[in-house]
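Everything on this sheet refers to the single structure shown next.
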Amino acid sequence: SADRESFVVGCAARLSEEKNHAGLLDAFARLLEKEPHSILACAGDGPLRDALGAQAERNGLSRSIRWLGALEDMHHFYAALDACVLNSDREGLPLSLLEGMSYGIPVVATSVGGVGELLSDECGLLVPPQSPDAVASALGSLCQDPDLASTLGRNGRERICESYSVDAMVDRYVDLYREVKKRPFFRPGIESARCG
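Throughout, our numbering is defined as the position within the sequence shown, counted from one, plus 1.
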């Protein structure tokens, strides 16, 4: 188990090609050069598990990585983290970042899909995809600057509470349904009608 001095970085994602764990391992190796007390905790399983384990072994990272597999209860995972990272090449709106942010954990993620919008306004650190140096640098910043980490974590939690809570999401769906209801329906061969 990690001692109190460790900087624990977590990644909750399926171990598959688009999540780019191979690039994350490269970034983590660079982080370890400057922050040797770091630990990478990977929650998730998938087709690349053996290949990633072999890559970690080849690069001398095995002692600093925890492969946790698929977890049913993510509470203890997130509660143990100092930072959350997602190094995806493709992404929609990743649940793992929403969850991490809801715990007030500072996040580092690649600027793909909906991630840029989620992490705007100082709610996390965005890095370019396919850039292990940028990921390592961003994680290093969080490790070295507790005030930055705290600010990003707090801002991220506020973003989730304001924009992604159940109430906020219900309000968005109600607004969407009202907008759809106002629009006339038209398809060739079908009589035009309004909803409701």
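Glycine included, every Cβ here is placed at the ideal spot set by N, Cα and C.
Its chain contains Glu163 as the residues whose beta carbon lies nearer than 7 Å to that of Ala169, once the 5 sequence neighbours on both sides are disregarded; these appear in chain order.
Put simply, the backbone Cα of Val113 is about 24 Å away from that of Val9.
Remark: C-beta atoms of Leu143 and Ala150 approach each other more closely than 8 Å. Its chain contains Ser89, Asp90, Arg91 and Glu92 as the residues whose beta carbon lies nearer than 8 Å to that of Glu19, once the 5 sequence neighbours on both sides are disregarded; these appear in chain order. Rounded to the nearest angstrom, the Cβ distance from Pro133 to Thr111 is 11 Å, too far for a contact under 8 Å.
When DSSP states are grouped into helix, strand and coil, Arg184 belongs to the coil group. Fewer than three beta-carbon pairs drawn from the stretch 63–70 and the stretch 94–113 are found closer than 8 Å, and the two stretches are therefore not classed as touching. Exclusion of the five residues before and after Asp83 leaves Phe8 and Val9 as the residues of its chain whose Cβ lies within less than 6 Å of its Cβ. Using a 10 angstroms sphere on the CB of Tyr178, the tally of other CB atoms stays under 16, which defines it as exposed. In summary, Pro95 is buried, with 16 or more beta-carbon neighbours lying within 10 Å of its beta-carbon over all protein chains present. Annotation: Arg31 to Leu140 spans about 10 Å, alpha carbon to alpha carbon.
Contact check between the stretch 41–55 and the stretch 66–79: three or more CB pairs, one atom from each, fall below 8 Å, which counts as touching. Rounded to the nearest angstrom, the gap between the Cα atoms of Cys12 and Arg50 is 14 Å. Annotation for Glu36: Phe8, Gly141 and Cys144 place their beta carbon closer than 7 Å to its own, counting only its chain and skipping 5 residues before and after. Here His76 is exposed, its C-beta having fewer than 16 other C-beta atoms within 10 Å. Out of Ala28, Ser17, Asp172 and Leu16, the CA that lies nearest to the CA of Ala135 is found in Ala28. Counted as a single uninterrupted DSSP element, the stretch harbouring Gly117 is not any beta strand (DSSP E) but the alpha helix (DSSP H) occupying residues Val116 to Leu119. Taking a contact as a CB-CB distance under 8 Å, the pair Leu126 and Leu99 does not count as one, their CB atoms being some 16 Å apart. Taking each of Glu6, Asn21 and Leu120 in turn and checking the Cα distance to Gln131, the smallest one comes out for Asn21.
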